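*Asks:*
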Amino acid sequence: MATATVDRTTEERAPAASPVRVWIGLVRVGTIAMVVFAILLQVVARAIIPPVFVIGLVFLGVTPFLRGERRGLALGAAIFGAAAYVGNLPIIIDDLSHPESAPSFIAQLLSTIALGLVVVGGVAAWFRRSTRLLRPLALAAAGVFVAGTFASVAIAADTDSVAALPGDVPVTAERLMWAPEEVVIDAATTGIWIDNEDGFRHTFTIPELGIDVEVPALKARRVDIDAPPGTYEIICEVPGHDSMTGTLIVSS
Ligand SMILES: [Cu+2]
9 MATATVDRTT EERAPAASPV RVWIGLVRVG TIAMVVFAIL LQVVARAIIP PVFVIGLVFL
69 GVTPFLRGER RGLALGAAIF GAAAYVGNLP IIIDDLSHPE SAPSFIAQLL STIALGLVVV
129 GGVAAWFRRS TRLLRPLALA AAGVFVAGTF ASVAIAADTD SVAALPGDVP VTAERLMWAP
189 EEVVIDAATT GIWIDNEDGF RHTFTIPELG IDVEVPALKA RRVDIDAPPG TYEIICEVPG
249 HDSMTGTLIV SS
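Here the sequence shown is numbered in the working numbering, starting from 9 and rising by one per residue.
(1) Check the C-beta distance from L118 over to A41 and give it rounded, since I have them as a contact under 8 Å.
(2) How far does the beta strand (DSSP E) with A295 in it reach, from first residue to last?
(3) What's the C-alpha gap between F88 and L145?
(4) Please report the residue range of the beta strand (DSSP E) in which I214 lies.
(5) Considering just the uninterrupted stretch of the alpha helix (DSSP H) at D102, what are its terminal residues?
(6) Comparing alpha-carbon positions, which option in L123, E77, R29 and G80 lies nearest R63?
(7) At 4 residues or longer, what runs of the alpha helix (DSSP H) sit wholly inside the stretch 98-184?
(8) For I47, which three-state DSSP category applies?
(9) Taking the alpha helix (DSSP H) that L65 belongs to, which residues open and close that run?
(10) So, does the stretch 161-172 touch the stretch 224-237, judging by three or more C-beta pairs under 8 Å?
(11) Opposite D203 in the DSSP bridges: which residues?
(12) Is any heavy atom in ligand 1 found nearer than 6 Å to the beta carbon of M42?
(13) As a quick check of your reading: which residues have a C-beta less than 5 Å from at least one non-hydrogen atom of ligand 1, in chain order?
(14) Take every Cβ of the stretch 80-87, pair it with every Cβ of the stretch 202-220, and state whether three or more of those distances are shorter than 8 Å.
(15) Nearest CA to the CA of S260: which residue from I219, V192 and G218?
(16) Answer with buried or exposed for L125, where buried requires no fewer than 16 other C-beta atoms within 10 angstroms of its C-beta.
(17) Which residues does DSSP pair with W186 in a beta bridge?
(18) What's the C-alpha gap between S112 and I47?
(19) In whole angstroms, what is the alpha-carbon distance linking A195 and T239?
(20) Do G130 and E189 have their C-beta atoms within less than 7 Å of each other?
(21) Is the Cβ-Cβ distance between A132 and W31 less than 7 Å?
(22) Quick one: grab the DSSP three-state call for H249.
(23) Taking T239 as part of the beta strand (DSSP E), name the residues at either end of that continuous run.
(24) Considering only residues of the same chain and omitting the five flanking positions on each side of G156, which have a CB-CB separation below 6 Å?
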């Protein structure tokens with residue numbers, strides 16, 4: 009008799025939230041993290057990145073309405089999140105395979121985990137799944153983010169910049185552009201020193217000369233130049249960096 013009373017009191021004091029509400033809460037955590045990601049990535053890029061801006065805006069707009077039993081909205085957010093992830097997959101895979109460029113690696117790790125929460129939460133809410141897996145899922149997500157962030161920061165700290173040599177001509181990668189866009193060198197030039205001021209990696213690539221230098225975020229690299237007089241195209245081979253074109257002019 010006494011036990012039954014205690015049980016009922018406990019139940020009245022802490023009514024169990026419905027699984028649907030809990031899953032929708034998880035979707036909301038994911039959409040808020042996506043808004044943070046969108047801001048973070050664009051601060052790192054110091055530029056508006058249209059797809060990221062739109063994705064951030066959609067999640068910002070939907071977040072206040074992700075409450076109660078709105079399973080349809082949660083599922084819609086999940087489908088949008090999955091489409092956004094697949095649509096940006098080449099860029100995401102590239103960033104995640106380069107932990108030495110810590111700012112972009114950490115931002116994409118955040119987006120991967122955030123979209124994972126949105127998709128899992130939205131689908132689980134729609135199908136009214138039990139919340140048994142919620143705690144292990146949340147712990148795994150937090151663990152992967154913390155471990156990945158620490159590893160990336162450590163690897164980036166261990167990645168050295170290369171100093172310029174006398175006779176090098178400097179080129180800067182900044183806000184998805186080469187500066188200057190036209191690099192003029194002569195016989196006295198020994199090499200090109202490439203300084204990456206962006207929070208993500210670039211490649212300094214001159215296909216005609218077989219030059220392809222990997223330049224991690226916020227690091228510098230150099231390359232020897234020994235080319236016949238002429239004009240050569242400079243590009244960056246990182247997915248989404250089509251705006252990075254320049255010209256190397258070797259004068260006689
Ligand atoms: Cu680039």
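Quick reminder that beta carbons are idealized off the backbone N, C-alpha and C, glycines included.
The structure displayed is predicted, hence computed values, not measured ones.
*Replies:* Let me lay it out:
(1) That pair is a contact at about 6 Å.
(2) Past the boundaries of the shown model lies residue 295; the chain is included only from 9 to 260, so the question cannot be answered.
(3) Roughly 21 Å between the two C-alpha positions.
(4) Run containing I214: H210 to I214, per the beta strand (DSSP E) assignment.
(5) In the DSSP assignment, D102 falls within the unbroken alpha helix (DSSP H) covering L97 to L104.
(6) A quick correction: the sequence has Ile, not Arg, at residue 63. Of L123, E77, R29 and G80, the smallest CA-CA separation from I63 is found for L123.
(7) You should have 110-134 and 142-165.
(8) The answer is helix: DSSP assigns I47 an H, G or I state.
(9) Here the alpha helix (DSSP H) through L65 covers P58 to V70.
(10) The answer is yes - the stretch 224-237 touches the stretch 161-172, with three or more Cβ pairs under 8 Å.
(11) D203 is bridged to T180 and A228.
(12) No.
(13) Ordered by chain, the residues meeting the criterion of a beta-carbon within less than 5 Å of a non-hydrogen atom of ligand 1 are H210, C244, V246, H249 and M252.
(14) Look at the beta carbons and you see the stretch 80-87 not touching the stretch 202-220: under three pairs across the two are nearer than 8 Å.
(15) Selected option, being the one with the closest Cα: V192.
(16) So L125 ends up on the buried side.
(17) Paired residues: A181.
(18) Their Cα atoms are separated by approximately 12 Å.
(19) A195 and T239: Cα-Cα distance of roughly 14 Å.
(20) Not in contact: G130 and E189 (Cβ atoms no closer than 7 Å).
(21) It is a contact, given that the beta carbons lie within the stated cut-off.
(22) In this structure, H249 counts as coil in the three-state DSSP scheme.
(23) That run of the beta strand (DSSP E) goes G238 to I242.
(24) Correct list, in chain order: L117.
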